[in-house]
Amino acid sequence: MADQTLDAKGLNCPLPILKAKKALTALPAGATLEVLATDPGAVKDFAAFSRTTGHELVEQSVEGNVYRFVLKRKA
Amino acid sequence: MADDSGTKSMSIIVTKGTLDWAYPPMILSTTAAAMGLNVTLFFTFYGLTLLLKDPKLRMSPLGNPAMKMPMMGAHMGMPNVMSMIPGVDAGATAMMRDMMKKKGVATFEELRSLALESDVRMIACQMTMDLFEYTMDDMIPGIELGGAATYIEVATQSDINLFI
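In order, the protein sequences belong to chains A and B.
Count the first sequence with the numbering used here and you get residues 697 to 771, in order.
Count the second sequence with the numbering used here and you get residues 6 to 169, in order.
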């Protein structure tokens, strides 16, 4: 279980990333954030976000039209 | 701007003030800021419109053959002559806003607030302010004034420089 969940379903680029960044900033280092999104572009975008920022993308899955990402706040 | 910590940076010259063209600089600047970049936007000519307190952004299909709106399963462009009819531009603008809302696209004002919140530096071109007779009272708070040299200094220290 992630420490916090962000429901970004129905939101389009770049809102899932912006909201995820905001939520991550409020978390302590090492805590995990689960993001749920329906924007198919989020798959590539969260990977790029993770590589650039250093917040690790520890899990990724898809169920129906909902994409799930788990990010770990960097130290 | 670049600093010793290795933080990346981006600058964008923003020259357009229609509803459609208002999006790319706001999307890129908010996303870059979220990814840890220092971002500076320099607003000049019609781009200055984007800094108005009440920008009332509109768009026109006139002279824009690429603007094809989805309509009953097809994509429809609009002949230039139609744009001369009063209300057609307003209608196209309303249609675009409606489409954006349905597709979960942020409003321009929402993105602009997010940009300011994430410390995107916004510089209004002093010369264009004078030219179009705007004062800082017309503009949103949190912005600054500057000229070409101010921008060039930022650009020499930025990793990414764009013109939109």
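Positions of the beta carbon are idealized from the N, C-alpha and C atoms, including for glycine.
Predicted model, so just to flag it, every value in this text is computed and none were measured.
| Query | Result |
| --- | --- |
| Within the 8 Å Cβ cut-off, does A27 (chain B) reach chain A? | no |
| When the Cβ atoms of the stretch 116-128 of chain B are set against those of the stretch 30-41 of chain B, are three or more pairs found closer than 8 Å? | yes |
| Per DSSP, A704 (chain A) is paired with what? | A:A733 |
| Kindly indicate the opening and closing residues of the alpha helix (DSSP H) around D96 (chain B). | The residue asked about is misnamed: residue 96 (chain B) is Gly in this sequence, not Asp. 93-107 is the span of the alpha helix (DSSP H), which, as asked, contains G96 (chain B). |
| Who does Y763 (chain A) pair with in a DSSP beta bridge? | A:A733, A:V758 |
| Listing by chain order, which chain A residues have their CB less than 7 Å from the CB of M40 (chain B)? | F745, T748, T749 |
| Could you pull the DSSP bridge partners for S14 (chain B) from this structure? | B:N43 |
| Return no unless some Cβ of chain A is closer than 8 Å to the Cβ of A95 (chain B). | no |
| Sort A:L732, A:E752, A:G726 by Cα distance to V758 (chain A) and report the nearest one. | A:L732 |
| Determine the direct distance from the alpha carbon of T161 (chain B) to that of P712 (chain A), and round the result to whole angstroms. | 32 Å |
| Which residue or residues does DSSP assign as beta-bridge partners of V19 (chain B)? | B:F48 |
| Pull up the distance between the alpha-carbon of F745 (chain A) and that of N85 (chain B), whole angstroms please. | 41 Å |
| Excluding the 5 residues flanking E115 (chain B) on each side, which residues of the same chain have their C-beta closer than 7 Å to its C-beta? | none |
| Shorter than 8 Å from the beta carbon of V110 (chain B) to some beta carbon of chain A? | yes |
| Please list the partners that G710 (chain A) has in chain B, where partner means a Cβ-to-Cβ separation under 7 Å. | Per the sequence shown, residue 710 (chain A) should be read as Pro rather than Gly. Correct list: I32, T35, T36. |
| With a threshold of 8 Å between beta carbons, is K717 (chain A) in contact with chain B? | yes |
| For P710 (chain A), which of A:Q756, A:K770, A:T721, A:V739 has the nearest alpha-carbon? | A:V739 |
| Output, in chain order, the set of chain A residues within a Cβ distance shorter than 7 Å of L119 (chain B). | L714 |
| For T728 (chain A), list the residues DSSP reports as bridge partners. | A:K768 |
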